[in-house]
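Chemist: Residue 171 in full-length UniProt numbering sits at position 171 of the sequence shown, with consecutive numbering throughout. Cβ coordinates follow ideal geometry from the N, Cα and C atoms, glycine included.
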Amino acid sequence: MSHPSSAPAAPARQAAILIVDDAPINLGALHALLQQQGYQTFVATSAERALELAQRVRPDLILLDIVMPGMDGMEACRRLKADPNTAAIPIIFMSVRDEEDDIVAGFDLGAVDYMPKPLHMAEVCVRVRARLQAAHAGQAALVDPLTRIANRRHFDSVLAKEWQRAARNGAPLSLIVLDVDHFKLYNDALGHAAGDAALQQVAAALQSHALRPTDLSARYGGEEFVLLFAETELDNAMRIAEAIREHVEGLHLPNPGVSGSAVITVSIGVASIVPSQLDAVETLFLAADRAMYEAKAAGRNRVHA
Ligand code: GH3
Ligand code: MG
Ligand code: MG
Ligand code: MG
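The structure is reproduced here in structure tokens:
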């Protein structure tokens, strides 16, 4: 697909839609319609093939037929929702079986919508657009608008899940809590806009050290950030924390509010725990937070555990 070079702004990324139906005539009609609407489309004529494609292309939306030979759409939905890589993809069921029971079962499995067949193409367009917008808004609710990394709400929900998972697996969970040093003085000297820009740079530095898909960096509030590492021992987390501390210092963002040739630095607390059923999830956070305050008290621009 080509875009006219005179376009005023870069076009938003096309949403990718996976269409799953064993009847080629339905598949063809939906494919033509959605392509014409400007979506990137992928098609599968079986649930097995759909699962494979969903893994590979991570579509933004799946239109899923229910009655298919082999695995049916209900089972495909169950498997998509059970896999963390595909669980968040919204699914719209399509079926001639429009009895109430099927609709309820579909929603129970985590589908976001249900379109009875025969499909009306104008209605398909409206529903697809509505679901993509809702998913986009849902994503936005998890992101800090200034730094574009995860917000506190998202972090808290991931921490709760990772805590449970680590408790089941007997694996260590590590947490970094990071606070920008003398940031009030930076704001006072250079203004709030410069402060915002500095926070964006610190967030980008932090995120560049969250390398594995399960590592999560987040802005916890103000000038405080957190980084969560599953299956990570304390000494590894300490190494990463030290690399982040050096990285931020190396940004050389002068802080004229502090005497001398001071630059923006961060104080970092690190904690690691193998969760048990007896501990509360707050334990880990409190330990990292305490270590961060020790780093402050010891002179800032350092890592404590
Ligand atoms: P310390 O080294 O002890 O952490 O000192 P500090 O000045 O960083 O700590 P303090 O808690 O006194 O001040 C935090 C400052 O961070 C005050 C606040 O204006 C600033 N801040 C918090 N959120 C934002 C933001 O979103 N943008 C900007 N520009 N400043 C922020
Ligand atoms: Mg069918
Ligand atoms: Mg603070
Ligand atoms: Mg601070």
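Indicate the three-state DSSP secondary structure (helix, strand or coil) for Pro84 in the structure shown.
Modeler: Note: Pro84 maps to coil in three-state DSSP.
Chemist: Would you say Phe183 touches ligand 1, meaning its beta carbon is less than 7 Å from a heavy atom?
Modeler: Checking every heavy atom of ligand 1 against the Cβ of Phe183, one is found closer than 7 Å.
Chemist: Is DSSP giving Asn94 helix, strand or coil here?
Modeler: Residue identity differs from the one stated: residue 94 is Met in this sequence, not Asn. Residue state, collapsed to three classes: strand.
Chemist: Cβ-heavy atom distance between Gln68 and ligand 2 below 7 Å?
Modeler: Per the sequence presented here, residue 68 reads as Met, with Gln not at that position. Yes, since a heavy atom of ligand 2 falls inside the 7 Å radius drawn around the Cβ of Met68.
Chemist: Does DSSP put Pro11 in a helix, in a strand, or in coil?
Modeler: Because Pro11 carries a pLDDT of 41, less than 50, the predicted location of this residue cannot be relied on, and the following value inherits that uncertainty. If DSSP states are grouped into helix, strand and coil, Pro11 belongs with coil.
Chemist: Does Pro275 pass the burial test, meaning 16 or more other C-beta atoms within 10 Å, or should it be called exposed?
Modeler: Flag for Pro275 reads buried.
Chemist: Return the residue from the list Tyr39, Gln36, Val104 and Ile268 that minimises the CA-CA distance to Arg239.
Modeler: Here the closest residue by C-alpha is Ile268.
Chemist: Does any heavy atom of ligand 2 sit closer than 7 Å to the C-beta of Ala23?
Modeler: Within the cutoff, so yes.
Chemist: Buried or exposed for Gln207, please, with buried defined as at least 16 other CB atoms from any protein chain shown within 10 angstroms of its CB.
Modeler: Classification for Gln207: buried.
Chemist: Under 8 Å between the Cβ atoms of Glu224 and Asp181?
Modeler: Not in contact: Glu224 and Asp181 (Cβ atoms no closer than 8 Å).
Chemist: Per the DSSP calculation, Leu228 is bridged to which residue(s)?
Modeler: Leu175 and Leu216, per the DSSP bridge assignment.
Chemist: Confirm the yes/no value for this check: CB of Asp72, any heavy atom of ligand 4, distance under 7 Å.
Modeler: Outside the cutoff, so no.
Chemist: Round the Cβ separation of Leu234 and Val158 to the nearest angstrom and send it over; I've been treating them as touching at under 8 Å.
Modeler: About 20 Å; that fails the 8 Å criterion.
Chemist: When you compare only the Cα positions, how much space is there between Asn255 and Arg58?
Modeler: Rounded to the nearest angstrom, the two C-alpha atoms are 43 Å apart.
Chemist: Any heavy atom of ligand 3 closer than 7 Å to the Cβ of Glu224?
Modeler: Glu224 Cβ: within cutoff of ligand 3.
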